[in-house]
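**Q**
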Amino acid sequence: MSLRATLTRGRRAQYLIWALLAAVALSIAMSAPGYSRQGEVQAQQQGLPHFGQLIKANRDAVVNIRVAGSLSTTSNRQGGQGLPDNMPEELRKFFENTPFGERFGQIPRQPMAGQGSGFIISSDGYILTNAHVVDHADEIIVRLNDRSEYQATLVGADERSDIALLKIDASGLKAVKIGDSDVVGVGDWVIAIGSPFGFEQSASQGIVSALGRSLPDGTYVPFIQTDAAVNPGNSGGPLFDLDGNVIGVNSQIYSRSGGFMGLSFAIPINVAMHVVEQLKEQGYVNRGWLGVLIQDMNQELAQSFGLDKPRGALVAQVIADSPAAAAGIEVGDIILSYNGKPLKRSSDLPPMVGETAVGERVPVAILRDSKEQDLTVQIASLQDDNEPTRLAAADAQEQKLGVAVADLAPEQRERLAVDHGVLIQDVDPASPAAAAGLRSGDVILSFNRKAVNSARQLADLVKQAPTDKPAVILIKRDNGRLFVPVQIG
């Protein structure tokens, strides 16, 4: 036998011994607690929620909504997919700077055809969705998970809350479980199901990022902010908690591109169902009205008013003959609580007032001259003509100036010693107005040497302003007047 053959057999024996030892070690490792494949999966499940059963249990209650119709006027509540390709550049720039007005379902204007999402809230065919999904729709088609389709009837829609109620002729349908959005906390897991870009029954997960968010076109809604991925077509779809309860209605996104960027906003289900009850009963929403224009408190204002920290709502205007005026609320008062509920920020107040029954007497705590007082207001019904005229942020930028203004009440004109003008309530920090030095509290008396008598007139004047030279604005600030040049566009 050769030496080479002997060495070969020796190596083979050595390899066999090492292989046997490796097999034994692997067997021991695989049988040890915590090292099995099953244990690894269980560990993963303990670290992250398992969403499969929740999605499977609720997908039959989530629907796709297709709409068709026509638009005769410009609207920012169109149902469809994405921003129009022909969107004016100045409006697109607004979305790049302060894009809270972004809607999920915008489409070209004529004709209109789009889609969104919704969910079944009762087995007899009532469906909840966003008002902007079905706005201007002549035909609404609801498609269920089993691909059956129904023509839907619009029971009612409420633009202020962006909630719409539909009805299809069906029975025995799978309905969602309605949760309680008041118990939702920051950090809670959430799941969104809908039809982004038409991809039906798409699910995404995230957490609650913040609560009580106030957006420019959602005065009466304290939005739930999440990082769940939602996109055009998700509008009107449900937001679930881990127990499979609906806690919100996906409605808006913050985006510089028209798609998801990690910030999405849902209408709390408690707010939505309060609206649904009235739509179902009477086809419209009767909302409470206090009659004040308010602004948020910052640290400087808090110090000047003698507060330990920013809280409450500063009253900037009291509407004549309003419940607030009748109760004795004055400009400069700070509303600290409403109906026994403290106000952390000014945006807390409108939803509370809106949900108050008309005629109800409500206790209100205010701070006046560094002293707290208790007043009682009797809430009236909100009408379109008793709200102070105000340009929302999106409107302001569309007018290319960047201010939110309010008409002056007679008592304000008397106090300010002016017979015309509009009051600046807010200035977009990225706007031409801000660059020119305009600020909240200024009174705009004229624009390009034309007297300004209302917010609507100002909007028209700004629309007509040339962009090749600065506009000249006459303002009243404190006890003086000055002209301010503002480069429009």
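Going by our numbering, the first residue of the sequence shown is number 3, and it counts up by one from there.
Glycine included, every Cβ here is placed at the ideal spot set by N, Cα and C.
Since the structure is predicted, the reported quantities are computational estimates derived from the model, not experimental observations.
Buried or exposed: which applies to residue 32, given that a residue is buried once 16 or more other Cβ atoms fall within 10 Å of its Cβ?
**A** As a working note, residue 32 is residue 30 in the sequence shown. Low confidence applies to residue 32: its pLDDT is 47, below 50, so where it sits in the model is not reliable, and the reading given next is rough at best. Its Cβ having fewer than 16 others within 10 Å, residue 32 is exposed.
**Q** In angstroms, rounded to a whole number, what distance separates the CA positions of residue 325 and residue 454?
**A** Residue numbering aside, residue 325 sits at position 323 when the sequence shown is read from its first letter. Residue numbering aside, residue 454 sits at position 452 when the sequence shown is read from its first letter. Roughly 28 Å separates the two Cα atoms.
**Q** Please work out which residues of its chain come closer than 6 Å, Cβ to Cβ, to residue 115, disregarding the five sequence neighbours upstream and downstream, and give them in chain order.
**A** By one-based count along the sequence shown, residue 115 stands at place 113. 70.
**Q** Quick test of your reading: residue 476 and residue 433, contact by CB under 8 Å. State the CB separation rounded to the nearest angstrom.
**A** As a first step, residue 476 is located in the sequence shown; it is residue number 474 there, counting from the start. As a first step, residue 433 is located in the sequence shown; it is residue number 431 there, counting from the start. Not really, about 19 Å apart at Cβ, beyond 8 Å.
**Q** Hey, how far is the Cα of residue 403 from the Cα of residue 480?
**A** Translated into positions along the sequence shown, residue 403 becomes position 401. Translated into positions along the sequence shown, residue 480 becomes position 478. Each residue's Cα considered, the two are about 22 Å apart.
**Q** Between residue 233 and chain C, is any beta-carbon pair separated by less than 8 Å?
**A** The chain inventory of the structure shown lacks chain C, comprising one protein chain alone.
**Q** For residue 281, report the span of its alpha helix (DSSP H) as first-last.
**A** What you label residue 281 is simply residue 279 of the sequence shown in a count that begins at 1. Looking at the DSSP string, the run of the alpha helix (DSSP H) that includes residue 281 is 271 to 284.
**Q** By Cβ distance, which residues of its chain are closer than 6 Å to residue 122, with the 5 residues on each side in sequence left out?
**A** Residue mapping note: residue 122 aligns to position 120 of the sequence shown, counting from 1. Around residue 122: 63, 129, 175 and 177.
**Q** Using C-beta distances below 7 Å, list every residue in its chain close to residue 352, excluding the 5 sequence neighbours before and after it, in chain order.
**A** As a working note, residue 352 is residue 350 in the sequence shown. Excluding sequence neighbours, residue 352 sits near 221 and 222.
**Q** For residue 179, tell me which candidate among 258, 420 and 61 has the shortest Cα-Cα distance.
**A** Reading the sequence shown from its first residue, position 177 is the one you call residue 179. Selected option, being the one with the closest Cα: 61.
**Q** Considering just the uninterrupted stretch of the beta strand (DSSP E) at residue 374, what are its terminal residues?
**A** One-based indexing of the sequence shown puts residue 374 at position 372. Element bounds for residue 374: 373 to 380.
**Q** Identify whether residue 334 lies in helix, strand or coil by the three-state DSSP scheme.
**A** Here the question's residue 334 lines up with position 332 in the sequence shown. Here residue 334 sits in coil by DSSP.
**Q** Indicate the three-state DSSP secondary structure (helix, strand or coil) for residue 156 in the structure shown.
**A** Indexing the sequence shown from 1 puts residue 156 at position 154. In this structure, residue 156 counts as strand in the three-state DSSP scheme.
**Q** Near residue 142, what residues of its chain come up, given a Cβ to Cβ distance below 6 Å and the 5 sequence neighbours on each side ignored?
**A** Here residue 142 is taken as the residue at index 140 of the sequence shown, counted from 1. Within the same chain, residue 142 has close Cβ partners 69, 136 and 154.
**Q** Given a threshold of 16 other Cβ atoms within 10 Å of its Cβ, counted over all protein chains shown, does residue 293 qualify as buried or as exposed?
**A** Against the sequence shown, residue 293 aligns to sequence position 291. Result: buried.
**Q** With 16 other CB atoms within 10 Å as the buried threshold, where does residue 542 fall?
**A** This structure does not reach residue 542, given that the chain is present from 3 up to 491, and the question cannot be answered.
**Q** Report back the beta-carbon spacing between residue 369 and residue 336 to the nearest angstrom; my notes put them in contact at under 8 Å.
**A** As a first step, residue 369 is located in the sequence shown; it is residue number 367 there, counting from the start. As a first step, residue 336 is located in the sequence shown; it is residue number 334 there, counting from the start. Rounded, the Cβ-Cβ distance is 4 Å, consistent with contact.
**Q** Would DSSP call residue 505 helix, strand or coil?
**A** In this structure the chain extends from 3 to 491, so residue 505 is not present and cannot be described.
**Q** If I measure Cβ to Cβ from residue 331 and keep anything under 7 Å in the same chain, skipping five residues before and after, which residues do I get?
**A** On the sequence shown, residue 331 is found 329 positions in, with the first residue counted as 1. For residue 331, where only same-chain residues beyond five positions count, the Cβ hits under 7 Å are 294, 317, 320, 368 and 377.
**Q** I think residue 145 touches residue 273, with their Cβ atoms under 8 Å apart; what is that distance to the nearest whole Å?
**A** Taking the sequence shown and counting its residues from 1, one reaches residue 145 at position 143. Taking the sequence shown and counting its residues from 1, one reaches residue 273 at position 271. Not a contact, Cβ separation roughly 27 Å.
**Q** Grouping DSSP H, G and I as helix and E and B as strand, with all else coil, what is residue 148?
**A** Along the sequence shown, one-based indexing puts residue 148 at 146. Residue 148 falls in the coil class under three-state DSSP.
**Q** Could you have a look at residue 327 and say whether DSSP puts it in helix, strand or coil?
**A** Sequence index remark: in the sequence shown, residue 327 carries index 325 (1-based). Residue 327 falls in the helix class under three-state DSSP.
**Q** Measure the alpha-carbon distance for residue 406 versus residue 436 and round it to whole angstroms.
**A** Taking the first residue of the sequence shown as position 1, residue 406 is located at position 404. Taking the first residue of the sequence shown as position 1, residue 436 is located at position 434. Approximately 12 Å between the Cα atoms of the pair.
**Q** Report the three-state DSSP secondary structure of residue 464 (helix, strand or coil).
**A** Counting from one through the sequence shown, the residue named residue 464 turns up at place 462. Here residue 464 sits in helix by DSSP.
**Q** Buried or exposed: which applies to residue 202, given that a residue is buried once 16 or more other Cβ atoms fall within 10 Å of its Cβ?
**A** The residue you call residue 202 lines up with position 200 of the sequence shown. That one is buried.
**Q** Report the rounded CA-to-CA distance for residue 237 versus residue 150, giving the unit in angstroms.
**A** For this step, residue 237 is matched to residue 235 along the sequence shown. For this step, residue 150 is matched to residue 148 along the sequence shown. Near 21 Å, if we compare the C-alpha coordinates of residue 150 and residue 237.
**Q** In angstroms, rounded to a whole number, what distance separates the CA positions of residue 344 and residue 216?
**A** Position 342 of the sequence shown, counted from the first residue, corresponds to residue 344. Position 214 of the sequence shown, counted from the first residue, corresponds to residue 216. When rounded, the distance between both Cα atoms is 17 Å.
**Q** Quick check on the DSSP output: the alpha helix (DSSP H) that includes residue 165 runs from which residue to which?
**A** Looking up residue 165 in the sequence shown gives position 163. Residue 165 -> not in any alpha helix (DSSP H); beta strand (DSSP E) instead, spanning 165 to 169.
**Q** Since residue 186 and residue 249 should fall inside the 8 Å C-beta cutoff, what is the C-beta to C-beta distance between them, to a whole number of angstroms?
**A** Reading the sequence shown from its first residue, position 184 is the one you call residue 186. Reading the sequence shown from its first residue, position 247 is the one you call residue 249. Indeed they touch by this definition, with Cβ atoms about 5 Å apart.
**Q** Looking only at DSSP bridge pairs, what is residue 229 linked to?
**A** Mapped onto the sequence shown, residue 229 falls at position 227. The partner list for residue 229 (beta bridge, DSSP) is empty, contrary to what the question assumes.
**Q** Which whole-angstrom value describes the C-beta separation of residue 246 and residue 197, a residue pair presumed to lie in contact below a C-beta threshold of 8 Å?
**A** Mapped onto the sequence shown, residue 246 falls at position 244. Mapped onto the sequence shown, residue 197 falls at position 195. Rounded, the Cβ-Cβ distance is 20 Å, inconsistent with contact.
**Q** Determine, using beta carbons only, whether residue 164 and residue 132 come nearer to each other than 8 Å.
**A** Here residue 164 refers to the residue found at position 162 of the sequence shown. Here residue 132 refers to the residue found at position 130 of the sequence shown. Their beta carbons are under 8 Å apart, which means residue 164 touches residue 132 by this criterion.
**Q** What first and last residue would you give for the alpha helix (DSSP H) that runs through residue 341?
**A** Walking along the sequence shown from the start, residue 341 turns up at place 339. Element bounds for residue 341: n/a, residue is neither H nor E.
**Q** Taking the straight line between their C-alpha atoms, what separation do you get for residue 359 and residue 340?
**A** By one-based count along the sequence shown, residue 359 stands at place 357. By one-based count along the sequence shown, residue 340 stands at place 338. Computed Cα separation, rounded: 14 Å.
**Q** Could you pull out every residue in the same chain whose Cβ sits closer than 6 Å to the Cβ of residue 300, ignoring the five residues on either side in sequence?
**A** As a working note, residue 300 is residue 298 in the sequence shown. Contacts found: 312.
**Q** Here's the rule I'm using: 16 or more other beta-carbon atoms within 10 Å means buried, otherwise exposed. How should residue 473 be labelled?
**A** As a working mapping, residue 473 is identified with position 471 in the sequence shown. So residue 473 ends up on the buried side.
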